[in-house]
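Asker:
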Amino acid sequence: MTTNTARNAAAADGILRQAGTGGTSVLIQDLSRAFGATRALDGLSIEIAPGELVALLGPSGCGKTTVLRIVAGFESADSGSVLVDGRDISSVHSSRRDMGMVFQSYSLFPNMTALDNVAFGLRMRKLGTAGRRKRAGELLDMVGLAAQAGQYPHQLSGGQQQRVALARALAIEPRVLLLDEPLSALDAKVRLQLREQIRTLQQRLGTTTLFVTHDQEEALSMADRVGVMREGKLEQIAAPDELYTDPATAFVAEFVGVMNRIPGGLLGAGTVAVLGGTVPLRDNEGRSLSLGGDTAVDVLVRPEGLRMELVPNGNGIVTTRTFLGSVTRVGVLLDGDVAVQIDKSSSEAGALAPGTAVSVTLPPEPVHVVPRRAAAS
2 MTTNTARNAA AADGILRQAG TGGTSVLIQD LSRAFGATRA LDGLSIEIAP
52 GELVALLGPS GCGKTTVLRI VAGFESADSG SVLVDGRDIS SVHSSRRDMG
102 MVFQSYSLFP NMTALDNVAF GLRMRKLGTA GRRKRAGELL DMVGLAAQAG
152 QYPHQLSGGQ QQRVALARAL AIEPRVLLLD EPLSALDAKV RLQLREQIRT
202 LQQRLGTTTL FVTHDQEEAL SMADRVGVMR EGKLEQIAAP DELYTDPATA
252 FVAEFVGVMN RIPGGLLGAG TVAVLGGTVP LRDNEGRSLS LGGDTAVDVL
302 VRPEGLRMEL VPNGNGIVTT RTFLGSVTRV GVLLDGDVAV QIDKSSSEAG
352 ALAPGTAVSV TLPPEPVHVV PRRAAAS
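For the sequence shown, this note's numbering gives the first residue as 2, with consecutive numbering after it.
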């Protein structure tokens with residue numbers, strides 16, 4: 002462990018001892034909210050366990066930020082409630098909810114130093130000058146910015162400003178931490194560093210956290226559970242690996258990660274023909290399904306779920322090759338003008354130049370079969 006890392010960990014441990022480790026439960030219950038004719042939330046319910054980090058993921062306009070603002074007290078729901086440790090706080094003013102919030106835009110006071118920004122919430126709580134400066138200093142040390150305590154926001158990089166904003170949110174020992182796309186304005190390298198730091202601090206402090214993002218990688222890498230939203234409703238909430246490997250709906254399957262959609266043909270008896278083989282037609286519980294014989298279906302499969310071999314006169318032609326490090330993503334045009342993406346280890350992908358004939362096949366698992374009319378849903 003480096004000196005800086007050890008010092009930051011020690012600072013966090015000290016704050017943890019002060020704050021306690023009990024954690025806070027949050028129950029979002031049947032929330033509905035409309036803005037004119039637009040229904041932002043439609044009976045949404047989520048239960049967050051003490052100390053858990055839940056990420057809400059979804060396309061723009063799906064209602065995820067509205068959820069966060071209602072929990073924070075910045076918006077009111079048309080119906081439904083928010084319970085913290087079993088107490089309904091729906092009518093409690095935002096300033097009295099004991100929640101810390103970190104915004105996308107940092108929202109630091111430009112005329113205050115980093116130390117004074119972090120100490121601001123403590124001053125509002127009437128903590129004495131010595132006490133709040135001591136705690137603000139500890140928080141800045143915890144996020145690795147002790148040396149920048151006397152600098153103003155314009156003297157800090159974007160990543161440093163966001164770390165100050167995080168320290169300010171944590172300074173008041175919030176019962177719940179709310180993160181509203183806090184990393185989207187940062188470059189890729191800083192985003193990666195800061196998301197790891199946020200997750201480490203959140204786990205160390207045990208702060209119950211609700212995190213809104215449109216970035217799949219952020220959600221899957223940081224959260225204990227990820228909720229995928231669509232048009233004001235929760236499509237699925239699950240651990241990241243379950244969400245990826247066992248999506249509950251076609252929307253989740255295609256929204257999370259990369260998914261190929263390959264036309265298939267019903268053979269009856271719960272079987273679908275695809276790519277010269279067959280796959281079982283099952284629901285998410287593994288039970289056989291039966292669709293009408295005239296139902297057109299598509300098979301959904303991840304890039305790593307397809308098999309590809311160099312075969313003259315195969316059923317596909319390589320069109321693109323994208324190096325992603327240990328994996329190379331190969332674009333293939335199948336017979337019938339169906340484009341798919343297939344992941345191969347980079348050590349095996351050297352011979353897969355554009356124009357190469359290949360044979361693409363599909364093992365029985367893992368796949369998802371959906372009615373073709375779901376393509377436009």
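Ideal placement from N, C-alpha and C gives every residue a C-beta, glycine not left out.
Keep in mind the model is a prediction, meaning the values are calculated, not measured.
Rank A189, T320, H155 by C-alpha distance to the C-alpha of A358 and give the top, closest one.
Answerer: T320
Asker: Using a Cβ-Cβ distance under 8 Å, would E349 count as near chain B?
Answerer: In the structure shown, chain B does not exist; there is a single protein chain.
Asker: Taking I173 as the reference, which of M223, L307, V103, E305 has the closest Cα?
Answerer: V103
Asker: With a cut-off of 8 Å on the beta carbons, I'd call V331 and V300 a contact; round off their distance for me.
Answerer: Not really, about 19 Å apart at Cβ, beyond 8 Å.
Asker: Provide the residue span of the beta strand (DSSP E) that contains I29, from first to last.
Answerer: 27-36
Asker: Out of Y153, E305, L157, which one is the CA nearest neighbour of K345?
Answerer: E305
Asker: What does DSSP give as the partner residue(s) for E48 in the beta ladder?
Answerer: L28
Asker: Starting from the Cα of E48, find the closest Cα among G233, I238, T362 and give me that residue.
Answerer: I238
Asker: In this structure, does DSSP put Q217 in helix, strand or coil?
Answerer: helix
Asker: Which residue from G129, I199, G151 puts its Cα closest to that of G160?
Answerer: I199
Asker: According to DSSP, simplified to helix, strand and coil, what is N118?
Answerer: helix
Asker: With 16 other CB atoms within 10 Å as the buried threshold, where does L235 fall?
Answerer: buried
Asker: Ignore the nearest five residues each way along the sequence and tell me which others in H369's own chain have a CB closer than 6 Å to its CB.
Answerer: A254, L301
Asker: Answer yes or no: do P372 and V298 have a C-beta to C-beta separation smaller than 8 Å?
Answerer: Closer than 8 Å, so yes.
Asker: Okay, do the segment 73-86 and the segment 55-64 touch, 3+ Cβ pairs below 8 Å being the bar?
Answerer: no
Asker: Would DSSP call K65 helix, strand or coil?
Answerer: Helix, per DSSP.
Asker: In chain order, what residues of the same chain lie with their CB nearer than 7 Å to the CB of A220, ignoring the 5 residues before and after it?
Answerer: A56, L58, T214, V227
Asker: In the DSSP assignment, find the unbroken alpha helix (DSSP H) run with Y357 in it and report its ends.
Answerer: This sequence places Thr at residue 357; Tyr is not what is there. Premise fails: T357 is in no alpha helix (DSSP H) and is neither H nor E.
Asker: Quick check on F212: buried or exposed, where buried means 16 or more other Cβ atoms within 10 Å of its Cβ?
Answerer: buried
Asker: Does the segment 161-181 come into contact with the segment 108-123, if we say contact requires no fewer than three beta-carbon pairs (one atom in each stretch) closer than 8 Å?
Answerer: yes
Asker: Alpha carbon to alpha carbon, what distance is there between T208 and A35?
Answerer: 30 Å
Asker: Under a Cβ-count criterion, where at least 16 other Cβ atoms within 10 Å of its own Cβ denotes burial, should L311 be classed as buried or exposed?
Answerer: Counting other Cβ atoms within 10 Å of its Cβ, L311 stays below 16 and is therefore classed as exposed.
Asker: So what does DSSP say about S348, is it helix, strand or coil?
Answerer: coil
Asker: Could you pull the start and end residues of the alpha helix (DSSP H) that V191 belongs to?
Answerer: Taken as a continuous stretch (DSSP letters only), the alpha helix (DSSP H) holding V191 covers 189-206.
Asker: Would you identify the three-state DSSP class for A297, choosing helix, strand or coil?
Answerer: coil
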